[in-house]
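Let me begin by presenting the structure, written as structure tokens, before commenting on it.
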Amino acid sequence: MVENLKEFYEGKNVLITGGLGFIGSTLAYRLVEYQANVLIVDSLIPEYGGNLLNIKGIEDKVKVNIADVRDNYGMSYLVKGQDIIFNLAGTLSHIDSMKDPFTDLQINCVSQLSILEACRKNNLNVKILFAGTRGQYGKAIYLPVDEKHPMNPIDVNGINNIAGEWYHILYYNAYGIKACSLRLTNTYGPRHQMKHSKQGFLNWFIRLAMDNQDITIYEPGTQKRDFNYVDDVVEAMLLAIAADKSNGEVFNLGSGEPISVNDIAQKVVEIVGSGRIKLIPYPEEKKKIEIGDYYASFTKINQTLGWNPKTPLEEGLRKAVDYYKKYKNFYW
84 MVENLKEFYE
94 GKNVLITGGL
104 GFIGSTLAYR
114 LVEYQANVLI
124 VDSLIPEYGG
134 NLLNIKGIED
144 KVKVNIADVR
154 DNYGMSYLVK
164 GQDIIFNLAG
174 TLSHIDSMKD
184 PFTDLQINCV
194 SQLSILEACR
204 KNNLNVKILF
214 AGTRGQYGKA
224 IYLPVDEKHP
234 MNPIDVNGIN
244 NIAGEWYHIL
254 YYNAYGIKAC
264 SLRLTNTYGP
274 RHQMKHSKQG
284 FLNWFIRLAM
294 DNQDITIYEP
304 GTQKRDFNYV
314 DDVVEAMLLA
324 IAADKSNGEV
334 FNLGSGEPIS
344 VNDIAQKVVE
354 IVGSGRIKLI
364 PYPEEKKKIE
374 IGDYYASFTK
384 INQTLGWNPK
394 TPLEEGLRKA
404 VDYYKKYKNF
414 YW
């Protein structure tokens, strides 16, 4: 399969929005390995996780354009001549989306429509992958959550991601722009921003443990989640773009091995060798948008594209911890 992917991507012009971020930069390494022509677009807004260190070692093998996806004119130019767009730029914070809904709307919704309009006018032959989120589902009615599960988001971020995703599917159905979406669960691993906890709690747990601080968990700590190592997520993205079967489709990612928040924190403390777990009452502002247990079925992407998560949780955590020990000064 890897050889087939290399053959598919070799020589292709690939644009990655949010490409200096966690997932985007990991994807860029793979695409460079496959000898694709990679253009990274990133705003480098400090809160969002873009980091030039993330492309250390491939700086001379990719092009970087510091631009904001909200810039309609800039994006209209940048999409020209691209064979593929991995559309990963977006905000992830549930809390921020409730405090500042209009910024979330601009980045996760209006910008997505602008990119698609730019493609409609300048590049109808492109294929686009949109990075969706488990937050689109809201509280699970049944588990594991599959793609037929109702979408009932409990925050602004979830609503805007639904709209962003469905713009992509609409533009496939209406204009023939090949598009698909992956609904990501909790992704972890190297190159994640580590300055705040708004983009994923597992990476934040790693920082707290490495700093020998309390890992605070909201009671009761038995809430179950699933986690995907970043390399496995990138593999799913590469497969989805390469396959015609994905056109117009949405796919969940997941691990098939849900684990409680308390147990994942215990694993982090054991692997790092420092840190403590502290259970605290749920803050009211966060309790309103707590979803309870969530873990996904990835049967559809497995049966359609042959994707399986390959990295065991403990192995992935060790890789992440080793990376941050080496590059801590650049991420803290």
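Following our numbering from start to finish, the sequence shown increments by one per residue and tops out at 415.
C-beta atoms are modelled at their ideal positions from N, C-alpha and C, and glycine is treated no differently.
For Thr100, the uninterrupted beta strand (DSSP E) segment begins and ends at Asn96 to Thr100. The C-beta separation of Ala201 from Met158 comes to about 5 Å, placing the pair in contact by the 8 Å criterion. Residue pairing by DSSP places Ala214 opposite Leu265 in a beta bridge. In the DSSP annotation of this structure, Asn345 is not part of any beta strand (DSSP E); the continuous alpha helix (DSSP H) holding it starts and ends at Val344 to Val355.
In the DSSP assignment, Ile252 falls within the unbroken alpha helix (DSSP H) covering Val239 to Tyr258.
The residue among Val115, Val355 and Phe284 with its C-alpha nearest the C-alpha of His177 is Phe284. Excluding sequence positions up to five before and after Val115, its CB lies within less than 7 Å of the CB of Val121, Ile141, Lys144 and Val145, all in the same chain and listed in chain order.
Membership of Ile141 in any beta strand (DSSP E) is not indicated, and neither H nor E is assigned to it by DSSP.
Excluding five sequence positions before and after Tyr301, the CB atoms of its chain that fall closer than 6 Å to its own CB belong to Tyr365, given in chain order. Here the C-alpha atom of Asn134 lies approximately 30 Å from the C-alpha atom of Tyr377.
Pairing Val152 with Thr100 gives a Cβ-Cβ distance under 8 Å.
By the CB criterion at 8 Å, Gly331 and Ile252 fall inside the cutoff. Across the set Val352, Asn311 and Asn191, the C-alpha of Asn191 shows the shortest separation from the C-alpha of Trp249. Under DSSP, Lys307 forms a beta bridge with Ser343. Only buried fits Trp287, as 16 or more other CB atoms lie within 10 angstroms of its CB. It is roughly 9 Å from the alpha-carbon of Leu136 to the alpha-carbon of Tyr410. Scanning Gly375, Glu130, Gly107 and Leu171 for the CA closest to the CA of Gln306 turns up Gly375. Between the alpha carbons of Ser180 and Gly218 lies a gap of roughly 12 Å. Between the stretch 379–393 and the stretch 329–347, the count of Cβ pairs shorter than 8 Å is three or higher; the stretches touch.
Rounded to whole angstroms, the gap between the alpha carbons of Tyr220 and Tyr414 is 31 Å.
Under the three-state reduction of DSSP, Asn170 is assigned to strand.
It is roughly 13 Å from the alpha-carbon of Leu226 to the alpha-carbon of Ile342. Counting only runs of 3 or more residues that sit fully inside the stretch 113–150, the beta strand (DSSP E) segments are 120–125 and 145–149, in chain order. One alpha carbon belongs to Leu127, the other to Arg203, and they sit about 27 Å apart. The continuous alpha helix (DSSP H) containing Lys409 extends over residues Leu396 to Tyr414.
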